[in-house]
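Asker:
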Amino acid sequence: MMSNLPILSLTLFIPILGAIVIMCLPANRHKAIKYVAAVSTLFSLLLSLWSMLNYDLTIGGMQFVERIPWIADLGVNYALGVDGISLPLLLLTNLIGFSAVYASWQTAARVKEFFALLLILITGVMGTFVTTDLFIFFLFYEVVVIPIYLLVIMFGSSKRVTKEYAGMKLTIYLLIGSAFLLVGLIALFIKAQGILGFPSMDIATLAQVDYPAGFQIFAYALMVFGFGTLLSMFPFHAWSPDGYAGAPTAVSMIHAGVLKKIGGYGLIRIGLFILPVGAKFIAPVIAVLAIGNVVYAAFICLSQKDLKYIVGYSSVSHMGYVLIGIAALNIISINGAVMMMFAHGVMAALFFAMIGNLYEKSHTRNVSDFGGLAHQMPRLAFGFMLAGLASLGLPGTVNFIGEFTIFVGAFGVYRVISIIAITGIILTAVYILRTLGDILFGPRLEKWDHLQDLKGPEMVPLVVLGSAILIGGILPFTVMDFINSGVGQLLSHIASIQMGGIF
Amino acid sequence: MQNILASSWVIPFLPFLAFALIGLLLHRWPKISAAISILAISASLLYSVLVAVMVFAKGAGVFEIAVRWLNMPGLQVDMGLLVDPLTAVMLLVVTIVALLVQIYSIGYMHDDPGFASYFAYQSIFAGSMLGLVVSNNFGQIFVFWELVGLSSYLLIGFWFGRHSAREAAKKAFITNRVGDFGFLLGILFLQIIFGTLNFSELPGAVASYSNTAVLITVSLLLLLGPVGKSAQFPLHVWLPDAMEGPTPVSALIHAATMVAAGVYLIARAFFIFNTSPETMLVIAVLGGFTALFAASIALVQNDIKRILAYSTLSQLGYMVMAMGVGAMTAGMFHLMTHAFFKSLLFLGAGSVIHALANEQDIWKMGGLHKKMPITTWTFVIGALALSGIPPLSGFWSKDEILLGTFASGHMGLYILGSLVAFMTAFYMFRLIFVAFFGENQTAEHAHESPAVMTVPLIILAVLAVFAGFVGSPLMNYAFAHYITYPGAIHHTPSITIMLISSVLAVSGIFLAWAVYQKKWLDYEELKVKMGGLYKLLYNKYYIDEFYAWLIKHFIDGTARLMEWFDLKVVNGTVNGLAWLTGYLGLNLRYTEDGQVQTYAIYIYTGMVILIISALCAVFTALA
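The listed protein sequences correspond, in order, to chains A and B.
To convert, note that position 322 of the first sequence is 1120 in this note's numbering; the numbers rise steadily by one, no gaps.
To convert, note that position 252 of the second sequence is 245 in this note's numbering; the numbers rise steadily by one, no gaps.
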């Protein structure tokens, strides 16, 4: 019965529906607004779980496909579909979206605007993962900019930088990146039309075209710039720590957790898939820059004093692993990169949820202000520890699976770069354990005796994201089998186009 | 019969289940939590005994099953079971000591507010350690390797309100991470070169691989794992600090089982290490050096747990040295006997600390033998076993190591090993004469511990006496018959070596008795005379200070430099560009002043430039 329904469209637009309902509600009905947000994200979450359970792994490829012609002259279709790469990311978006609603449960000012914008943001992010049309992809990519900007400048916090600066920086980086991307996409479209003889925005169709090598390098370079900026690739990462620090909790969760993953997803789904020769040519550059992410950012984490900056730079550092995975261009490393995006998503979202909760109650994020919080807030301490241990790639958490797979895949390709990157596991352990030790353990501080531990709705992010971290870590095949199917088909398609000459 | 082996996955699974149950449901009821935890480890022990019977009595051979855990083209990691004599011995050692320690903990931790979580951590440790022991591949072993590290972190920092416990836990984890970095690289090399991590597939592949330089690199990288986990020099610094944890934890994790995981790994992967003589030499020298180095520090420490901790370091060095000289059997044999007598010593120390309200300084104890007879005499048995007095267990295993070292031709290491044996007897009996027999320094209320603590002591004492017989001529070297590797040589026992080591042990004890009991020598005066050396030893060769300096200047220094670069250069550039854009906008807007005359000038200038360029182009074309 459900197979006749447009599952993906439902998943995608239920949050928008929720946003419309919220806009119609009176502004002082805070509870109702929050419940609408919770219910609509829960629906999307359940639907994305449903599509994962009903995805046929034996066939693979794009499933739950929907296609409605939209702008025929440009070859644009409203086309949706998910495969093994996009499904885990769709699930990730909804896990985080649902948790983000609960992490913002205490919002008291402009509740209506906040949750409406949040739901639009969630739909925007989801859209990029479920579409198979380049135009629709770019449309959703731009859709996320507006709510992000408004949410940061309206609900953000000003510590090291003002929230206006943070919002501006975040938005301008995103826009400059997307400007380069737009040039690349238009070039791609025109070139493909010249070769194919008809206009198409369908990603799979564009990937059938045999572009000249020089063009591929040019177009892929533009994408690396655009998507790389979004993925906070060194040295275009400066938006990330300031942006997360300035943003409200829910935005930090969504942005670090899943929005920046659009960069990695785009590099694989669009860049690598359509322009494999260009990807191969530029890969070593990405690998070298990734060192800048992993090691450089990890060192900076060591000298940070604000919790959000630590997680912000740490997120830059972890994206280095994703970049190395993408640069090594084999099935193991790319499987690892996608797994790492999922893993980092749940971990970073949990981290930001915990920080947000603590900040809300204590009004400070300085590591040195805290100590011995595990005495007063054992559940919060558990959440912090779980996120921290996931962050340092402890086996049993899904992050270990991502890192280990990337290392295996990259080690055969970039020996030296991999070894330098793997030192990151030591540095990460140092800054994570230092920070968590300083805030959670040690003698009880009486000034924090009034803090309440997590309870009720506050537990939702911990339970939802924590379960994802542990289930993915203990039973990695639950996620990896999807990823492997998706990446395998993507790479075999490239191999068939290139007749084995490239890979 | 195969059914029993095939379902032996329950051995690690049950403690994990206990952990999950306590963590999710039962932590509100401390007594039930403890009961569940002890029930789980008892069941694991029973099952391990069954497995051991299968392996040893019925000769079940090697049994292996696995399920695929991570699967993609070019990378398969299994979660499996490999049951062979080596596994069976480790299963027995771990479950026996873990069960006794958990029972003992009922008494030791009885009024602790974290009673339930203590047992949860004990369970996750037991599960991880047993999972490590049954691993059939390097991937799995790495997973559980890190998980025992996590349990160690949690238990060292169990009293997290203490500043020192927090720092010690962090130090243990990070130091181990340094070792694991190398271990992971070694595993990656194996995966890339051989395409498998499986313990039954690798030996054949390694044997037919001829690039010795690569094998040396890989084996040295793998060695870094055991160097961290078994606390060998220079990554030994975490183990003495780990004594911040509750004493039963020190007995189980930081003496008997987890720290021995490194030695176990060398034995398990002996087929790799054994291929390169260079690596073997490194292992032997490293182990020998650690044995001597740690024993020398133990000579002058005053904290009862620290003395035992340095003794553990030293004995682990012994085991590692045995591995390096090819006496893998002797190393594993010592691992087993050491697990029993060292956990006995730690639990004995715990009994004392418990009775004296957390006093750990041996000079503040004294005369305990009257008040705590069971603790004292079981402790003495443990110390005799550790010193290698015949016929206690430590004598047989230590003798096997010395024999192996001597027979392999490493004369220097043999002399070093004998010297360490002498030092061991001395520092152990220094401890005993000062703490248990010296003048009474303690409060009157000190009394013997409850039965829940003394019974485990008695059981371990029995094991400390008799466990060595399985590897002795009395039982025809049964141990060596099972735990061995292809091409191993078993040397004929030498009465001379036995005699020398026994005489050294007895004279160590005698010297301690003469100095600390009879006071024929004034040790205070000796301390002053040997001022420099004493200070060096007392301060553990200043290695901790050196590392602290290194971290402060190099790691944190780099961190500050990078932060400066990020703020000034990267962000500076970004903000500079933003400012430039704004500045240009601010100034260029004056060009749009709305006056027709200005625009006319622009048009006129533009035209002139265009005409001149056109003329230039025409002239160049003509010329």
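A virtual CB, placed ideally from N, CA and C, is assigned to each residue, including glycine.
Source: prediction; values computed, not measured.
1) Can at least three beta-carbon pairs, one atom from the segment 805 to 815 of chain A and one from the segment 909 to 925 of chain A, be found at a separation below 8 Å?
2) Could you check which residue in A/D854, A/I883, A/S838 has the C-alpha nearest to that of A/M1278?
3) Do you know how far the Cα of A/D1251 is from the Cα of B/A541?
4) At the level of alpha carbons, what is the spacing between B/F176 and B/F192?
5) Where does A/F1239 sit, in a helix, a strand or coil, going by DSSP?
6) With a threshold of 6 Å on Cβ separation, who are the neighbours of A/G785 within its own chain once the five nearest residues in sequence on each side are excluded?
7) So with Cβ pairs under 8 Å, would you call A/R1177 a contact of chain B?
8) Between which residues of its own chain and A/W1246 is the CB-CB distance below 6 Å, once the five residues before and five after are set aside?
9) Starting from A/R1067, follow the beta strand (DSSP E) in both directions and report where the run begins and ends.
10) DSSP on B/L68, reduced to helix/strand/coil?
11) Nearest chain A C-beta to B/W62 closer than 8 Å, yes or no?
12) Applying the 10 Å Cβ sphere with the 16-neighbour rule, what's the burial state of A/A1011?
13) Since I believe A/V1120 is in contact with A/A1135 (beta carbons under 8 Å), could you give me their beta-carbon distance rounded to a whole number of angstroms?
14) With a threshold of 7 Å on Cβ separation, who are the neighbours of A/S1294 within its own chain once the five nearest residues in sequence on each side are excluded?
15) Which word fits A/C1099, buried or exposed, when buried means at least 16 other C-beta atoms lie within 10 angstroms of its C-beta?
16) Select from the segment 154 to 173 of chain B all residues with a C-beta closer than 7 Å to any C-beta belonging to chain A, and list them in chain order.
17) Check whether the Cβ atoms of B/L232 and B/T283 lie closer than 8 Å to each other.
18) Can you name, in chain order, every residue of its own chain whose Cβ lies under 7 Å from the Cβ of A/P804, other than the five neighbours on each side?
19) Among B/A206, B/L92, B/V293, B/A260, which one has its Cα closest to the Cα of B/H526?
20) State the CB to CB distance for the pair B/F326 and B/S390, rounded to an integer number of angstroms; the pair is presumed to be in contact (CB under 8 Å).
21) Does DSSP put B/R155 in a helix, a strand or coil?
22) If you draw a straight line from the C-alpha of A/I1223 to the C-alpha of A/A1188, how long is it?
23) Taking 8 Å as the threshold (C-beta atoms), are A/R1242 and B/G154 in contact?
24) How long is the line joining the alpha carbons of A/G1181 and A/L1263, rounded to whole angstroms?
25) Can you find the residues in the same chain that come closer than 6 Å, C-beta to C-beta, to B/L338, ignoring five residues on each side of it along the sequence?
26) Give me, in chain order, the residues of the same chain whose beta-carbon lies closer than 6 Å to that of A/W1037; leave out the 5 immediate sequence neighbours on both sides.
27) Going straight from the alpha carbon of A/L823 to that of A/I831, what length do you get?
28) Helix, strand or coil: which one does DSSP assign to B/V76?
29) So with Cβ pairs under 8 Å, would you call A/M1278 a contact of chain B?
30) For A/A1179 versus A/A1172, is the C-beta spacing smaller than 8 Å?
31) From the DSSP output, read off the bridge partner residues of B/E57.
32) Just verifying my parser: in three-state terms, what is the DSSP assignment at A/W868?
33) Are A/G1069 and A/A1081 close, meaning C-beta to C-beta below 8 Å?
34) Measure the C-alpha to C-alpha separation of A/Y853 and A/G1143 and round it to an integer number of angstroms.
35) Could you compute how far the alpha carbon of B/G132 sits from the alpha carbon of B/I451?
36) Give me the residue from A/H828, A/L887, A/Y1009, A/Q904 with the minimum Cα distance to A/K1063.
Answerer: Walking through what the data contain:
1) yes
2) A/I883
3) 35 Å
4) 16 Å
5) coil
6) The shown model of chain A, from 799 to 1301, leaves out residue 785 of chain A, and the question about it has no answer.
7) no
8) Q1174
9) A/R1067 -> no beta strand (DSSP E), and no H or E assigned at all.
10) strand
11) yes
12) exposed
13) 5 Å
14) none
15) buried
16) G154, H156, R159, K163, F166, I167, R170, V171
17) no
18) E864
19) The identity of residue 526 of chain B in the sequence shown is Leu, whereas the question assumes His. Of B/A206, B/L92, B/V293, B/A260, the residue nearest in Cα terms is B/V293.
20) 4 Å
21) coil
22) 11 Å
23) yes
24) 10 Å
25) L301, G375
26) K967, L968, Y971
27) 7 Å
28) strand
29) yes
30) yes
31) B/L75
32) strand
33) no
34) 22 Å
35) 39 Å
36) The sequence as given places Tyr at residue 1063 of chain A; Lys does not occur at that position. The shortest Cα separation from A/Y1063 among A/H828, A/L887, A/Y1009, A/Q904 belongs to A/L887.
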